[in-house]
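Structure record follows, encoded as C-alpha cells.
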Amino acid sequence: MAQEVRGVIAPGKDEPVRVETIVIPDPGPGEAVVRVQACGVCHTDLHYKQGGINDDFPFLLGHEAAGVVESVGENVDEVAPGDFVILNWRAVCGQCRACLRGRPQYCFDTHNAEQKMTLTDGTELSPALGIGAFAEKTLVAAGQCTKVDAQAPATVAGLLGCGVMAGIGAAINTGQVGRGDSVAVIGCGGVGDAAVAGARLAGAAKIIAIDVDDRKLETAKSMGATHTFNSRDDDPVEAVRALTGGFGADVVIEAVGRPETYKQAFYARDLAGTVVLVGVPTPDMKLELPLLDVFGRGGALKSSWYGDCLPSRDFPMLIDLYLQGRLDLAAFVTETVELDQVEHAFERMHEGDVLRSVVVL
Numbered sequence: 001m002a003q004e005v006r007g008v009i010a011p012g013k014d015e016p017v018r019v020e021t022i023v024i025p026d027p028g029p030g031e032a033v034v035r036v037q038a039c040g041v042c043h044t045d046l047h048y049k050q051g052g053i054n055d056d057f058p059f060l061l062g063h064e065a066a067g068v069v070e071s072v073g074e075n076v077d078e079v080a081p082g083d084f085v086i087l088n089w090r091a092v093c094g095q096c097r098a099c100l101r102g103r104p105q106y107c108f109d110t111h112n113a114e115q116k117m118t119l120t121d122g123t124e125l126s127p128a129l130g131i132g133a134f135a136e137k138t139l140v141a142a143g144q145c146t147k148v149d150a151q152a153p154a155t156v157a158g159l160l161g162c163g164v165m166a167g168i169g170a171a172i173n174t175g176q177v178g179r180g181d182s183v184a185v186i187g188c189g190g191v192g193d194a195a196v197a198g199a200r201l202a203g204a205a206k207i208i209a210i211d212v213d214d215r216k217l218e219t220a221k222s223m224g225a226t227h228t229f230n231s232r233d234d235d236p237v238e239a240v241r242a243l244t245g246g247f248g249a250d251v252v253i254e255a256v257g258r259p260e261t262y263k264q265a266f267y268a269r270d271l272a273g274t275v276v277l278v279g280v281p282t283p284d285m286k287l288e289l290p291l292l293d294v295f296g297r298g299g300a301l302k303s304s305w306y307g308d309c310l311p312s313r314d315f316p317m318l319i320d321l322y323l324q325g326r327l328d329l330a331a332f333v334t335e336t337v338e339l340d341q342v343e344h345a346f347e348r349m350h351e352g353d354v355l356r357s358v359v360v361l
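Letter by letter, the sequence shown follows residues 1 to 361 of full-length UniProt numbering.
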C-alpha cells in the first residue's frame, strides 16, 4: 500500500524549495523502500534547484543519505528489511562490458527504481541522482543500498553517498596515492577535504592544500594537510614545486572543476605524475593546453567519477575505518538541520559557511 511522507522538492528553476507530501509506492521487483535517517546537503542538490543538471522539475532533492530498509520487492537479495544502509546513485547492472570484465565500478548501465514517486495530485517527481532522500522515506533500486555496520551514526555514514566518497576515492582509487607520495589538492570544499583525508589514509608524505579561502585551508589542515597555500597570495604551481624539490607533486587532485585550476594542476605535477579531475565543470567550459606539453610531461590525466568507487567494496571499508578512529567522518559535519531548513542550508553553503549541513529525520 502506498505511503505518504514529507519531502523537500524544488518546484522550478531557482524557486525556493518547499516541504510537500510525497507518495511512496510499494517496492516493485528489484526495489526497496528506505526509511531515511539522515541526508547531507550537497552542492549537487543546489545544482538541481538552479536547473544546472536538467529541467525535469519538480525534483525530489537529497541523495547523500543513510537509513534503514523498511521493505523490499521481489527478486531482492542484496538487502533485507532492518538493514542499515548507505544509499548510492550507481546500482551496477552486472551485464555490461565493464561489469563482465570485472570492473563494475565503471558500469555503463547503472540504474534506479523503475516506479515513480509523486505528489499527492499524481505529479511525477525526479529524484536527485535517482535517490530523493530529503524525505522521511524514499524508493530506490535495491542495488543502490549498501549494508554497513549499524554502529556508525547515520549523520556521518550518509556522507559516503556522494561528496566524501568522491574525494577519498579520487585520491585512493583514481589517483592511486601511495606511501611516501607527494599530493596537492586544489580546492578545499567538502570533496577537496575528503581528498586530503584520502591521501592521508594512503600514507602520503606531503599533502599540499590550495584554496582562496583561509577558513577552508584551516579545515584542510585538520583533515591531514601538511602544507597550505592561499592561491590569492602565492602562485600554486610554484608553491607546489618549492615543496617538492622543484619537481612537482606525484598526484595533483583538482577539486574545483575550472579550466584555470586544471591548468594549475597540470603544471604542478611531476614528470610522469598524475592529474585527477574530480571537480565538476559546466558544459560551456573549454580547456586549451599545448599538445607538446601533454606529450612531454608524460604521466596520466584522469577523471574521477564518484571517486571510481564500488559501493559494496568501499562503503563498508570506510565505515570500519571510521569506527576504528582512523577516518574522522564526523569532522565533515558542520551542523544538523531539519527538513524545513534546507533552503537556509543552501544559503550557508553558497556563503562558504559550512563544510556539510546534514538533514536529520
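Positions of the beta carbon are idealized from the N, C-alpha and C atoms, including for glycine.
Relative to the C-alpha of Q324, which candidate in Q151, V69, A38 has its C-alpha closest? As a working note, residue 324 is residue 324 in the sequence shown. Of the listed residues, the one whose Cα sits closest to Q324 is Q151.
C-beta atoms of Y262 and V237 nearer than 8 Å: Indexing the sequence shown from 1 puts residue 262 at position 262. Indexing the sequence shown from 1 puts residue 237 at position 237. V237 sits away from Y262, with the two beta carbons spaced by 8 Å or more.
Could you work out which residue in G187, F295, T44 is closest to Y306 when comparing CA atoms only? Position 306 of the sequence shown, counting from 1, holds the residue named residue 306. Minimum Cα distance to Y306 is reached at T44.
Evaluate the contact criterion for the region 92-104 versus the region 27-35: three or more CB pairs, one atom per stretch, below 8 Å. As far as the Cβ criterion goes, the region 92-104 does not touch the region 27-35, which means the pair count is below three.
Just list the residues that DSSP pairs H227 with in beta bridges. Within the sequence shown, residue 227 is the residue found at index 227, counting from 1. Its beta-bridge partners are I208.
Quick check on the burial criterion: 16 or more other C-beta atoms within 10 angstroms. Buried or exposed for H63? Taking the sequence shown and counting its residues from 1, the one referred to as residue 63 is at position 63. Buried is the call here.
Kindly indicate which three-state DSSP category residue 389 falls into: helix, strand or coil? In the structure as shown, the chain starts at 1 and stops at 361, and residue 389 therefore has no counterpart that could be examined.
Using the beta-carbon count (16 or more within 10 Å), is G82 buried or exposed? Numbered from 1 along the sequence shown, position 82 holds the residue referred to as residue 82. With fewer than 16 other Cβ atoms within 10 Å, it is exposed.
Give the DSSP-derived three-state secondary structure of M247 in the structure shown. In the sequence shown, the residue the question calls residue 247 occupies position 247. According to the sequence as given, residue 247 is Phe; it is not Met. F247: coil per DSSP, three-state reduction.
Residue nearest to V360 in terms of C-alpha spacing, selected from E338, E288, R326: As a working mapping, residue 360 is identified with position 360 in the sequence shown. When the alpha-carbon of V360 is set against those of E338, E288, R326, the nearest one is in E338.
The region 11-23 / the region 105-113 touching (three or more Cβ pairs under 8 Å): Too few Cβ pairs lie closer than 8 Å, so no.
Would you call the region 212-227 and the region 116-129 touching, i.e. three or more CB-CB distances under 8 Å? Cβ pair count under 8 Å is below three, so no.
May I ask you to list the residues that DSSP assigns as paired with E20? Looking up residue 20 in the sequence shown gives position 20. E20 pairs with G7.
Given this structure, state the Cα-to-Cα distance separating R179 from A249, to the nearest angstrom. By 1-based counting over the sequence shown, the position of residue 179 is 179. By 1-based counting over the sequence shown, the position of residue 249 is 249. Take the alpha-carbon of R179 and the one of A249: they are about 13 Å apart.
Going by DSSP, name the residue or residues bridged to V280. Counted from its first residue, the sequence shown places residue 280 at position 280. Answer is none; V280 lacks a bridge partner.
I need the DSSP call for E78, collapsed to helix, strand or coil. The count along the sequence shown starts at 1 and reaches residue 78 at position 78. Correct three-state label for E78: coil.
Nearest-angstrom Cα distance between G7 and A330? Counting from 1 along the sequence shown, the entry for residue 7 is found at position 7. Counting from 1 along the sequence shown, the entry for residue 330 is found at position 330. In this model, G7 and A330 are separated by some 25 Å (Cα to Cα).
Inter-residue Cα distance where the pair is L139 and F295: In the sequence shown, residue 139 corresponds to position 139, counting from 1. In the sequence shown, residue 295 corresponds to position 295, counting from 1. Taking C-alpha positions only, L139 is separated from F295 by approximately 48 Å.
What's the gap between the Cα of L2 and the Cα of T120? Counting from 1 along the sequence shown, the entry for residue 2 is found at position 2. Counting from 1 along the sequence shown, the entry for residue 120 is found at position 120. Checking the sequence, you will find Ala at residue 2 rather than Leu. Straight-line Cα distance between these residues: approximately 11 Å.
Count the other C-beta atoms from every protein chain shown that fall within 10 angstroms of the C-beta of T282, then say buried if there are 16 or more, exposed otherwise. The residue you call residue 282 lines up with position 282 of the sequence shown. So T282 counts as exposed.
Inter-residue Cα distance where the pair is G279 and S71: Residue numbering aside, residue 279 sits at position 279 when the sequence shown is read from its first letter. Residue numbering aside, residue 71 sits at position 71 when the sequence shown is read from its first letter. C-alpha separation (whole angstroms): 36 Å.
Spatial distance of L61 from F134 (CA atoms): Translated into the one-based positions of the sequence shown, residue 61 becomes position 61. Translated into the one-based positions of the sequence shown, residue 134 becomes position 134. So the alpha carbons of these two residues sit roughly 6 Å apart.
List the endpoints of the continuous alpha helix (DSSP H) containing L318. As a first step, residue 318 must be located in the sequence shown, where it is residue number 318. Per DSSP, L318 belongs to the alpha helix (DSSP H) from 311-323.
Contact check, E78 vs C145 under 8 Å by CB: the rounded distance? Your numbering for residue 78 matches position 78 in the sequence shown. Your numbering for residue 145 matches position 145 in the sequence shown. Yes, E78 and C145 are in contact; Cβ-Cβ is about 6 Å, under 8 Å.
In chain order, what residues of the same chain have a beta carbon less than 7 Å from the beta carbon of L243, not counting five sequence neighbours either side? Counting from 1 along the sequence shown, the entry for residue 243 is found at position 243. Contacts found: K206, I208, H227.
For the alpha helix (DSSP H) that I168 lies in, which residues bound it at each end? Stepping through the sequence shown from its first residue, residue 168 is reached at position 168. Looking at the DSSP string, the run of the alpha helix (DSSP H) that includes I168 is 163-169.
Which listed residue (D284, G158, I131) has its alpha carbon closest to that of Q37: In the sequence shown, the residue the question calls residue 37 occupies position 37. Among D284, G158, I131, the Cα nearest to that of Q37 is on G158.
Would you mind listing the beta strand (DSSP E) stretches within the region 254-305 that are 3+ residues and don't spill past its ends, in chain order? Counting whole runs of 3 or more residues, the region 254-305 contains the beta strand (DSSP E) stretches 269-277, 300-303.
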